[in-house]
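Chains as they are written, first to last, in the working numbering: chain D, 76 to 493; chain E, 76 to 493. Beta carbons: idealized from backbone N, C-alpha and C, even for Gly. Bear in mind that the values here come from a model prediction, so they are computed numbers and not experimental data. Heads up: the structure comes next, in structure tokens.
The structure is reproduced here in structure tokens:
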């Protein structure tokens with residue numbers, strides 16, 4: 076069979092499976108998730124063997140150390156994957172929740188009901204744990220998923236997929252509800268991204284390059300986790316001690332993640348006092364500072380930030396710093412250079428806070444707290460499938476509810492329109 | 076200036092205006108809408124003169140009578156446009172509504188707040204009233220709009236746009252918040268559909284061809300009102316009298332709209348009794364019937380329905396009919412051939428109703444009522460900008476709330492992540 080026909084057949088089966096999965100009871104979905112977790116633990120040796128093949132091949136190809144680390148599975152990482160599935164089983168089922176209901180003067184009863192989206196195409200890079208994480212979230216939210224991981228983790232992904240799908244039919248869930256494209260040919264992704272009759276939404280998980288590529292060619296709606304260029308603005312009326320703690324936390328605690336800050340803005344009235352203190356606490360962990368002209372008048376021996384720095388997602392121990400005239404300049408700067416992810420203000424002034432929170436056009440805006448909290452668990456939503464930086468359908472942490480859409484159910488007694 | 080630069084400049088200004096409009100008070104938005112309505116009435120002569128130019132040109136080009144009717148404005152149609160704006164002023168402002176709020180164990184207070192999407196690109200065909208309808212809905216929901224109507228109504232659109240924007244600055248709303256692309260060159264649309272840095276969502280309003288074209292080339296999320304292939308299923312346990320009334324209403328009351336039915340499915344156990352009655356009530360209004368083999372055994376002198384008929388959106392006095400074995404066949408048929416718009420079952424049987432309402436994967440599913448109710452006003456949502464047949468962001472009637480997204484506002488007291 077041609078590659079295209081093979082993929083389309085798989086997608087059609089995933090669509091059919093989604094019709095079945097949409098009606099599976101919460102109890103059976105949870106039992107399936109528990110069985111999937113169990114299967115991962117029971118078959119960990121098999122998974123590790125397959126993973127070793129991927130790792131060996133990655134080393135042969137000379138992939139980076141960071142890449143190989145992301146690719147490598149261990150018993151403890153497999154345990155985490157199983158634990159992840161169990162925790163999803165413990166989350167509230169979003170399907171069939173009545174979001175609102177009302178009655179019309181003609182007696183029609185209208186219910187707005189949460190339902191699964193249908194089929195989600197998940198396109199990801201080297202981390203093999205994404206396979207079970209995404210499969211679990213899609214299953215619980217009643218969606219079929221079609222998984223397409225990176226070619227460097229292909230053997231690990233096939234192994235994990237085989238293991239987690241082996242028992243789900245016992246719970247009334249078709250195996251095609253968790254489908255995997257095991258063809259590394261790039262054309263397979265193109266077929267997927269054009270199959271709007273079978274796939275309802277595409278969620279790319281990975282770096283900027285992957286997301287740009289997917290958005291460029293997809294004919295299906297894409298929910299993007301684009302990038303995290305997050306800001307902390309230290310206002311004229313900031314509690315500077317808190318500002319220092321928050322800056323340290325947001326930059327240093329885990330610099331490689333999307334909700335870490337990349338740029339710090341500081342009001343000119345407090346820059347002279349704040350910046351030297353910031354410099355001294357960031358020196359120890361080895362943070363490289365890059366400043367605007369005004370910043371460099373205060374911190375004379377740091378690098379100059381260029382226009383490129385204001386757009387940069389460093390994901391590293393680097394921080395760009397800019398002195399601003401007031402909260403309005405900070406807001407405009409963030410709306411111009413930021414990625415609409417997470418941005419924070421530290422201030423005791425209500426007016427500045429209100430202005431910032433209302434006018435910064437990002438998925439999450441913080442007052443006096445670290446941007447590092449943008450996360451499904453931290454928000455109390457449970458495991459997340461990504462952080463949306465788009466504005467359509469979902470914004471910020473996307474968990475089970477965001478993997479659903481709704482339908483209107485209208486109950487009548489013979490009403491016709493006059 | 077190059078066409079591309081000119082359009083991009085306009086879009087950048089619309090984006091800037093959206094930042095301002097997002098903070099305009101409800102009171103000022105409503106006063107602006109009232110002023111827009113007033114201006115339409117005061118300048119109706121000017122608008123009618125410009126419209127006459129479009130109509131004359133359409134006649135010269137030999138456009139269809141239906142097209143010329145859609146294009147033609149009258150005093151009464153201008154009054155309707157003004158009335159539309161006033162009614163939008165009367166609707167509840169969706170912006171800044173707190174959708175949910177909760178507190179985390181660490182003291183963080185999280186609020187999920189409804190906010191405007193930003194900039195909406197509206198691409199439409201010949202009806203000039205869309206200009207003021209969409210401008211009003213976008214303004215009330217805090218979004219800038221960039222309007223691009225059909226070339227055949229260009230003079231009317233420019234006139235309406237000029238009139239409705241002339242006074243809005245008095246209420247703190249930049250004129251660029253209602254922008255219009257007055258260049259009929261098709262390349263202008265391509266520039267718009269690629270400008271993802273300025274435009275947040277695209278809403279095409281028009282026929283299948285327009286929507287396909289826009290979806291094909293857009294790099295911006297598109298909310299589609301694709302087509303309405305709606306069904307009525309008459310179950311074995313239907314009240315046949317109600318079924319007849321509903322069928323008549325859903326097909327005949329206004330056949331040219333998307334929520335009229337195109338196909339009727341009937342359970343084999345009642346077909347013999349129901350179909351001759353249906354035939355007799357649909358003969359008078361001149362409905363052409365096209366049936367499957369089983370149908371034609373009962374109604375011998377009607378045409379045969381081909382595979383193409385099951386997919387057809389007639390928008391006309393034509394009805395395809397098919398006899399099915401049971402509710403499951405009806406559900407599968409609708410999910411295969413329908414357009415996920417509106418579908419109804421007539422039955423007194425709870426099990427069949429539940430099955431149908433749960434498993435039919437359409438934006439609106441009806442029990443014992445006409446599909447003609449799928450409409451913003453009929454649902455009590457107010458004026459609509461379209462009916463979404465997609466599953467991402469919005470489904471079914473899209474009114475002010477659906478023109479918004481949300482953001483998370485997180486209030487802290489110095490919290491950092493450990």
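Integer-rounded CB distance, given that residue j should sit under 8 Å from residue i
i: residue 415 of chain D; j: residue 445 of chain D; result: With a Cβ gap of about 18 Å, residue 415 of chain D and residue 445 of chain D do not count as contacting.
i: residue 281 of chain E; j: residue 227 of chain E; result: The Cβ separation is near 12 Å, so there is no contact.
i: residue 334 of chain E; j: residue 417 of chain E; result: 5 Å
i: residue 103 of chain E; j: residue 246 of chain E; result: 4 Å
i: residue 111 of chain D; j: residue 160 of chain D; result: 5 Å
i: residue 340 of chain D; j: residue 405 of chain D; result: 5 Å
i: residue 169 of chain E; j: residue 476 of chain E; result: 5 Å
i: residue 387 of chain D; j: residue 320 of chain D; result: About 24 Å; that fails the 8 Å criterion.
i: residue 295 of chain E; j: residue 271 of chain E; result: 5 Å
i: residue 257 of chain D; j: residue 239 of chain D; result: The pair is not a contact, with the Cβ atoms about 14 Å apart (cut-off 8 Å).
i: residue 93 of chain D; j: residue 218 of chain D; result: 6 Å
i: residue 424 of chain E; j: residue 349 of chain E; result: With 8 Å as the limit, residue 424 of chain E and residue 349 of chain E do not qualify as a contact, their Cβ atoms being about 16 Å apart.
i: residue 285 of chain E; j: residue 198 of chain E; result: 7 Å
i: residue 142 of chain E; j: residue 204 of chain E; result: That pair is no contact at about 15 Å.
i: residue 365 of chain D; j: residue 391 of chain D; result: Going by Cβ atoms, the distance from residue 365 of chain D to residue 391 of chain D rounds to 12 Å, so no, they are not a contact pair.
i: residue 409 of chain E; j: residue 300 of chain E; result: That belief does not hold up - the Cβ atoms of residue 409 of chain E and residue 300 of chain E are roughly 19 Å apart, past 8 Å.
Residue i (DSSP reduced to helix, strand or coil)
i: residue 205 of chain E; result: helix
i: residue 425 of chain D; result: helix
i: residue 337 of chain D; result: strand
i: residue 236 of chain D; result: helix
i: residue 442 of chain E; result: strand
i: residue 87 of chain D; result: helix
i: residue 311 of chain E; result: coil
i: residue 414 of chain D; result: coil
i: residue 95 of chain E; result: helix
i: residue 364 of chain D; result: strand
i: residue 463 of chain E; result: strand
i: residue 174 of chain D; result: strand
i: residue 419 of chain D; result: strand
i: residue 302 of chain D; result: coil
i: residue 111 of chain E; result: helix
i: residue 435 of chain D; result: coil
i: residue 167 of chain D; result: coil
Element boundaries [beta strand (DSSP E), containing residue i]
i: residue 482 of chain E; result: 479-490
i: residue 345 of chain D; result: Element bounds for residue 345 of chain D: not the beta strand (DSSP E) but the alpha helix (DSSP H), 343-358.
i: residue 393 of chain D; result: 393-399
i: residue 222 of chain D; result: 219-223
i: residue 195 of chain E; result: 194-199
i: residue 278 of chain D; result: 276-280
i: residue 189 of chain D; result: 184-191
i: residue 254 of chain E; result: 253-255
i: residue 473 of chain D; result: 471-473
Per-residue contacts from residue i into chain D (C-beta, under 7 Å)
i: residue 98 of chain E; result: 433 and 434
i: residue 410 of chain E; result: 94
Contact set between residue i and chain E, taken where Cβ atoms lie within less than 7 Å
i: residue 445 of chain D; result: 490, 491 and 492
Range covered by the alpha helix (DSSP H) that runs through residue i
i: residue 386 of chain D; result: 382-386
i: residue 132 of chain D; result: 119-135
i: residue 153 of chain D; result: 150-164
i: residue 263 of chain D; result: 262-269
i: residue 284 of chain E; result: 283-292
i: residue 143 of chain E; result: 140-146
Interface partners of residue i on chain D, CB under 9 Å
i: residue 179 of chain E; result: 448, 453, 454 and 455
Burial state of residue i (16 or more Cβ within 10 Å)
i: residue 173 of chain D; result: exposed
i: residue 124 of chain E; result: exposed
i: residue 262 of chain D; result: exposed
i: residue 329 of chain D; result: exposed
i: residue 351 of chain E; result: exposed
i: residue 347 of chain E; result: exposed
i: residue 368 of chain D; result: exposed
i: residue 454 of chain E; result: buried
Interface residues of chain E facing residue i [CB-CB closer than 8 Å]
i: residue 64 of chain D; result: Residue 64 of chain D falls outside the range modelled here, since chain D spans only 76 to 493, and no answer is possible.
Proximal chain E residues relative to residue i, where beta-carbon distance stays under 9 Å
i: residue 486 of chain D; result: 428, 432, 441, 442, 443 and 444
Proximal residues of chain D, C-beta to C-beta of residue i below 8 Å
i: residue 470 of chain E; result: 480, 481, 482 and 483
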